[in-house]
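In what follows, a single structure is set out as structure tokens and then discussed.
Protein chains in written order, with my numbering: chain B, 33 to 181; chain A, 33 to 181.
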């Protein structure tokens with residue numbers, strides 16, 4: 033295998049030999065101003081490690097899936113919705129997204145939110161909320177306020 | 033499962049509900065001034081994410097094993113030996129430790145070196161160098177200088 037042993041941080045949360053990718057295919061799901069970088073993806077590892085960055089006031093897709101996310105914030109601050117709870121998150125906080133729980137990350141308006149996400153290399157596709165799911169999520173005041181913004 | 037969704041960073045690279053552990057059992061292997069914190073260890077994930085911190089001028093064990101390490105430095109700076117190469121490492125650099133390659137991390141004298149390490153949950157035990165291995169490693173000038181310090 034030809035994986036480079038040392039890949040330096042180039043500043044501004046970009047790395048040597050790591051392309052900055054679109055978060056998802058445009059139109060595939062609702063999101064705003066998010067990039068994706070795959071930091072480690074080796075067939076001999078059971079997981080991948082990715083870095084996502086949400087631009088100021090941007091947000092990831094509201095979604096759920098059977099696979100877990102193990103997240104560490106490494107840049108900025110924002111909020112995350114996990115099930116019926118909303119957490120304020122900042123640098124080096126840890127977030128565990130359980131199986132099949134609706135979740136979404138938002139960056140505060142004054143700067144980007146960047147986080148590492150460890151995920152199983154083999155995993156199911158994310159599900160998007162139906163109109164019925166959104167109605168159910170909207171029953172909880174905090175969640176309704178979060179996803180409405 | 034009762035994994036806490038949000039565990040805040042408490043400052044100084046410690047986290048809510050995450051105990052600061054000994055790096056290894058005392059006497060099990062040579063190392064100096066290293067702590068270990070297991071950040072994510074869920075049976076549904078193929079990998080664990082750990083945080084290791086090496087105190088100023090400390091070092092991890094010189095070892096090798098079949099399993100890989102996927103490392104991101106998140107605190108301070110130092111050096112790492114990977115095979116016959118020595119790299120200066122600093123915040124957010126990425127290090128990929130291949131299978132069965134001798135490796136060791138050292139913190140610079142002026143501050144701690146802290147890094148995340150993603151590793152397969154199921155893995156082989158580390159091997160320590162024999163006298164013969166050390167002799168072979170010492171054939172390379174850079175490596176000899178590194179492991180002699």
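C-beta atoms are modelled at their ideal positions from N, C-alpha and C, and glycine is treated no differently.
Element boundaries [beta strand (DSSP E), containing residue i]
i: residue 85 of chain A; result: 79 to 91
i: residue 119 of chain B; result: 117 to 121
i: residue 148 of chain A; result: 145 to 152
i: residue 41 of chain A; result: 41 to 43
i: residue 159 of chain A; result: Taken as a continuous stretch (DSSP letters only), residue 159 of chain A belongs to no beta strand (DSSP E), as it is neither H nor E.
i: residue 71 of chain B; result: 64 to 72
Check whether residue i and residue j have beta carbons under 8 angstroms apart
i: residue 102 of chain A; j: residue 77 of chain B; result: yes
i: residue 36 of chain A; j: residue 114 of chain B; result: no
i: residue 85 of chain B; j: residue 66 of chain B; result: yes
i: residue 127 of chain B; j: residue 111 of chain B; result: no
i: residue 145 of chain B; j: residue 104 of chain A; result: no
i: residue 161 of chain A; j: residue 174 of chain A; result: no
i: residue 64 of chain B; j: residue 91 of chain B; result: yes
Opposing strand residues paired with residue i [DSSP bridges]
i: residue 129 of chain A; result: A:101
i: residue 139 of chain B; result: B:110
i: residue 47 of chain B; result: B:41
i: residue 95 of chain A; result: A:135
i: residue 54 of chain B; result: B:67
Element boundaries [alpha helix (DSSP H), containing residue i]
i: residue 165 of chain B; result: 163 to 169
Distance between beta carbons of residue j and residue i, contact taken as under 8 angstroms
i: residue 83 of chain A; j: residue 119 of chain A; result: 20 angstroms between Cβ atoms; not a contact.
i: residue 97 of chain B; j: residue 136 of chain B; result: Not quite, the Cβ-Cβ distance comes to about 13 angstroms (not below 8 angstroms), so this is no contact.
i: residue 123 of chain B; j: residue 106 of chain B; result: 6 angstroms
i: residue 21 of chain A; j: residue 149 of chain B; result: Summary: the structure shown does not reach residue 21 of chain A, with chain A confined to residues 33 through 181, and so no result is reported for it.
i: residue 54 of chain A; j: residue 139 of chain A; result: So it is not a contact: roughly 17 angstroms between Cβ atoms.
i: residue 48 of chain B; j: residue 40 of chain B; result: 5 angstroms
i: residue 151 of chain A; j: residue 99 of chain A; result: 6 angstroms
i: residue 16 of chain A; j: residue 62 of chain A; result: The requested residue 16 of chain A is not part of the displayed model; chain A covers only 33 to 181.
Under 9 angstroms, CB to CB, which of the residues in the segment 145 to 179 of chain A have a partner in chain B?
148, 150, 151, 152, 153 and 154
Could you please tell me which residues of the segment 120 to 139 of chain A, in chain order, have their CB closer than 8 angstroms to any CB of chain B?
Listed by position, the residues of the segment 120 to 139 of chain A near chain B (Cβ gap below 8 angstroms) are 121, 122, 123, 124, 125, 126, 127, 128, 129, 130 and 131.
Using a beta-carbon distance cut-off of less than 8 angstroms, what residues from the segment 64 to 84 of chain A approach chain B?
Contacts with chain B (Cβ-Cβ distance below 8 angstroms) from the segment 64 to 84 of chain A involve 71, 72, 74, 76, 77, 78, 79 and 81, listed in chain order.
Residues in the segment 34 to 45 of chain A with C-beta within 8 angstroms of chain B's C-beta atoms, listed in sequence order?
35, 36, 37, 38, 39, 40, 41 and 45
Note down, in chain order, all residues in the segment 87 to 103 of chain A with a beta-carbon under 7 angstroms from any beta-carbon belonging to chain B.
100 and 102
Contact set between the segment 49 to 63 of chain A and chain B, restricted to residues whose Cβ is under 7 angstroms from the partner
none
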